[in-house]
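So the structure is just underneath, and the comments pick up after that.
Residue numbers (my numbering), protein chains in the order written: chain G, -14 to 99; chain Z, 241 to 349.
What follows is the structure, given as structure tokens:
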């Protein structure tokens, strides 16, 4: 049973560029959430996708956008990259079952903006 | 939103010692999870424990929902237990998890 998989594992981008990160959820899960983890901090919630719609959003600007596909996989897009966007980006999947269920995380994508 | 506080921020122990990590949260929650983050950044699930007590080998956890805290116990620590331990909680629905700042645990041989 494949867990949550993310790609790429590492990425270097130049300030002002755009980036797309990808996530495939754990088998049987239908909900994907994205988190940003700055060095030395806990992960911070960016947004959650269920049924191909953004259901909830954390305190992140519109430069951060996402998409969920019919197969439940998801993309995180960040436009106009800033140096401060350098972080570990984590994807989590869960099952939306009218109750809260356990979230499982991928290995993350480490983004460096230069 | 929910506030999550973890203590202590840092903990240095000798191999074989026992440890207790604490997580306080500011509101009632429907999800509370403990994670161990490995050196490569992956969050490893330890416990899904919105209430009650669970045990898994040398690790156990207790959440007292009415008093809004959770404890993670590590017995007979090993050097491989080193790393950062996170507590995360949410109220439910589409809420994302709110993480604490973590406890950085170092187990010395």
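Beta carbons are placed, not taken as given, at the ideal position from N, Cα and C, and that holds for glycine. The model shown is predicted, which means the values in this text are computed figures rather than measured ones.
- Annotated as distal: residue 325/Z and residue 336/Z, with beta-carbon spacing of 8 Å or more.
- The closest CA to that of residue 39/G, considering only 340/Z, 251/Z, 333/Z, is found on 333/Z.
- Between residue 91/G and residue 75/G, the beta carbon gap of about 6 Å places them in contact (Cβ cut-off 8 Å).
- Around the Cβ of residue 340/Z, a 10 Å sphere holds 16 or more other Cβ atoms; the residue is buried.
- The beta carbon of residue 41/G sits closer than 6 Å to those of 33, all from its chain and outside the five residues before and after it, given in chain order.
- For residue -3/G, the CB contacts under 7 Å within the same chain, skipping 5 residues up- and downstream, are 97, 99 in chain order.
- Rounded to whole angstroms, residue 12/G and residue 288/Z show a C-alpha spacing of 18 Å.
- Considering only beta carbons, the part of the region 37 to 55 of chain G lying closer than 7 Å to chain Z consists of 40, 41, 43, in chain order.
- At the C-beta level, residue -7/G and residue 58/G stay beyond 8 Å of one another.
- Cβ-Cβ distances below 6 Å link residue 77/G to 18, 88, 90 in the same chain, with the five nearest sequence neighbours on each side left out; the list follows chain order.
- Per the DSSP secondary-structure output, residue 96/G pairs in a beta bridge with -4/G, 72/G.
- Residues of chain Z whose Cβ lies closer than 7 Å to the Cβ of residue 93/G are, in chain order, 281, 282.
- The Cβ neighbour count for residue 28/G, taken over all protein chains shown within 10 Å, is at least 16; the residue is labelled buried.
- Residue 331/Z and residue 349/Z have their C-alpha atoms roughly 40 Å apart.
- DSSP places residue 313/Z in the uninterrupted beta strand (DSSP E) bounded by 309 to 314.
- An exposed status is given to residue 252/Z, since fewer than 16 other beta-carbon atoms sit within 10 Å of its beta-carbon.
- Taking 8 Å as the cut-off, the Cβ atoms of residue 292/Z and residue 306/Z do not count as close.
- In the DSSP assignment, residue 335/Z falls outside any beta strand (DSSP E) and carries neither an H nor an E.
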